[in-house]
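Residues 1 to 290 (full-length UniProt numbering) make up the sequence shown, in order.
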Amino acid sequence: MGLQLQQIDRVETITKEDFIKNYFKPQKPVVIERFIEDWPAYSKWSLDYMKEVAGDKTVPLYDDRPVDYKDGFNEPHATMKMSEYVDLLKREPTKFRIFLWNILKEVPQLQKDFTFPDFGLRLMKGLPMLFFGGRDSYTFMHYDIDLANIFHFHFEGKKRCILFDQKQNKFLYKIPHSLITREDIDFNDPDFEKWPALKNAKGHIAELEHGNVLYMPEGYWHYMRYVTPGFSMSLRAIARNPKNLGKAVYNVFVMRTIDNVMRRIKGQKWIDWKNEQAIVRTNKANNIAS
1 MGLQLQQIDR
11 VETITKEDFI
21 KNYFKPQKPV
31 VIERFIEDWP
41 AYSKWSLDYM
51 KEVAGDKTVP
61 LYDDRPVDYK
71 DGFNEPHATM
81 KMSEYVDLLK
91 REPTKFRIFL
101 WNILKEVPQL
111 QKDFTFPDFG
121 LRLMKGLPML
131 FFGGRDSYTF
141 MHYDIDLANI
151 FHFHFEGKKR
161 CILFDQKQNK
171 FLYKIPHSLI
181 TREDIDFNDP
191 DFEKWPALKN
201 AKGHIAELEH
211 GNVLYMPEGY
221 WHYMRYVTPG
231 FSMSLRAIAR
241 NPKNLGKAVY
251 NVFVMRTIDN
261 VMRRIKGQKW
271 IDWKNEQAIV
281 RTNKANNIAS
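Structure, rendered in structure tokens:
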């Protein structure tokens, strides 16, 4: 038995009105399959093309090692030239991923390859971010610090996305004072003996292919796994729900500060305590004997 996941709705294309009514207002995810076929990026963007236009750029790389108290918030684990990184992706599976790479700053010519689509939400123009990964690399289950509405455009290859809304928090072994779940949970094949509360979590799943767009509503948890090497671009719109906006402000200004201060004072003990609390609190919320 696996996780309780339902397939995310798929549509070929969608009008702004239908998107707002059927997906944004009810805060429901959707995959739009053929929305960007008029973008130059649709036919141009591939790993080879990125190597061609950005090969000499040094890129920040991340893998799936557990959080260490000495790591700053989102500090990279390694760096490499983009050309070497693309060669590595094509040659063999690698845990190294690029995430939150601000493409506009680094390679301005890529801006000409896409337009900001009108979904009826104001997209943040300065923040198109690129994400790359090798076969079987994945992100930890997490949600974004600003609880934004996210449009995730996938290029090259296949990517599996598992989503949960914030109502599932009590089942997910969420780490306190952070935006992730326990890092030792394999959401691709979870061990329910070890993580019994996960059986009750109700989520969503989709596989993305070249040109697909995934809409992730505000504050949705997401786990992304690269079935084959590939990359995606995210565009975001600010959270509209006042509760989510409040949480976003709290996360950025309070939670992150508390976490950084505690790392400095307590070091690894703070990380270990948080990991333990994820189990204690989830068991308590689900009446599971510890």
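All C-beta atoms, glycine included, are put in the ideal place defined by N, C-alpha and C.
Three-state secondary structure (DSSP) of residue i
i	result
GLY133	strand
GLU193	coil
TRP221	strand
PRO60	strand
LEU214	strand
ASP9	strand
GLU276	helix
TYR23	helix
ILE288	coil
ILE265	helix
LYS125	coil
ILE180	strand
LYS44	helix
TRP174	One point to set straight first is that residue 174 is Lys, not Trp, in the sequence displayed. Three-state result, LYS174: strand.
First through last residue of the beta strand (DSSP E) which encompasses residue i
i	result
GLY246	Note, GLY246: premise wrong, no beta strand (DSSP E); alpha helix (DSSP H) at 242 to 250.
LEU143	This sequence places Tyr at residue 143; Leu is not what is there. Where TYR143 is concerned, there is no enclosing beta strand (DSSP E), given that its DSSP letter is neither H nor E.
ILE162	159 to 164
ARG236	230 to 237
ALA78	78 to 81
HIS204	202 to 208
HIS152	149 to 155
Residue i burial status per 10 Å Cβ neighbour count (16 or more: buried)
i	result
ASP184	exposed
GLU218	buried
ASP165	buried
HIS288	Strictly speaking, residue 288 in this sequence is Ile, with His absent from that position. Burial call: exposed.
LEU251	A small correction: the amino acid at residue 251 is Asn; Leu does not occupy that position in the sequence shown. Buried, since its Cβ has 16 or more Cβ neighbours within 10 Å.
GLN6	exposed
LYS112	exposed
PRO26	exposed
SER43	exposed
THR181	buried
ASP146	buried
Opening and closing residue of the alpha helix (DSSP H) in which residue i lies
i	result
LYS255	The residue you asked about is not Lys; residue 255 is Met in the sequence shown. Neither: MET255 is in no alpha helix (DSSP H) and is coded neither H nor E.
MET50	47 to 54
ASP38	From DSSP, ASP38 is part of no alpha helix (DSSP H); its letter is neither H nor E.
PHE19	16 to 19
beta-carbon residue i near the ligand NAP non-hydrogen atom, thresh 7 Å
i	result
ASN200	Judged by which ligands are present, the structure shown has none, so any question about the ligand NAP falls away.
TODO: Spell out a yes or no on whether the stretch 220 to 237 and the stretch 145 to 157 are touching, meaning 3 or more CB-CB pairs, one atom from each, closer than 8 Å.
DONE: Contact check between the stretch 220 to 237 and the stretch 145 to 157: three or more CB pairs, one atom from each, fall below 8 Å, which counts as touching.
Task: Every unbroken beta strand (DSSP E) within the stretch 84 to 122, with a cutoff of 3 residues, ordered by chain - done: List check, beta strand (DSSP E) in window: 97 to 102.
- [ ] Could you tell me whether the stretch 95 to 115 touches the stretch 199 to 219, where touching means 3 or more Cβ pairs closer than 8 Å?
- [x] Taking 8 Å as the limit for Cβ pairs, the verdict is that the stretch 199 to 219 does not touch the stretch 95 to 115.
TODO: Tell me, please, whether the stretch 31 to 38 touches the stretch 130 to 140 by the rule of three or more beta-carbon pairs shorter than 8 Å.
DONE: Under the three-pair Cβ rule at 8 Å, the stretch 31 to 38 does not count as touching the stretch 130 to 140.
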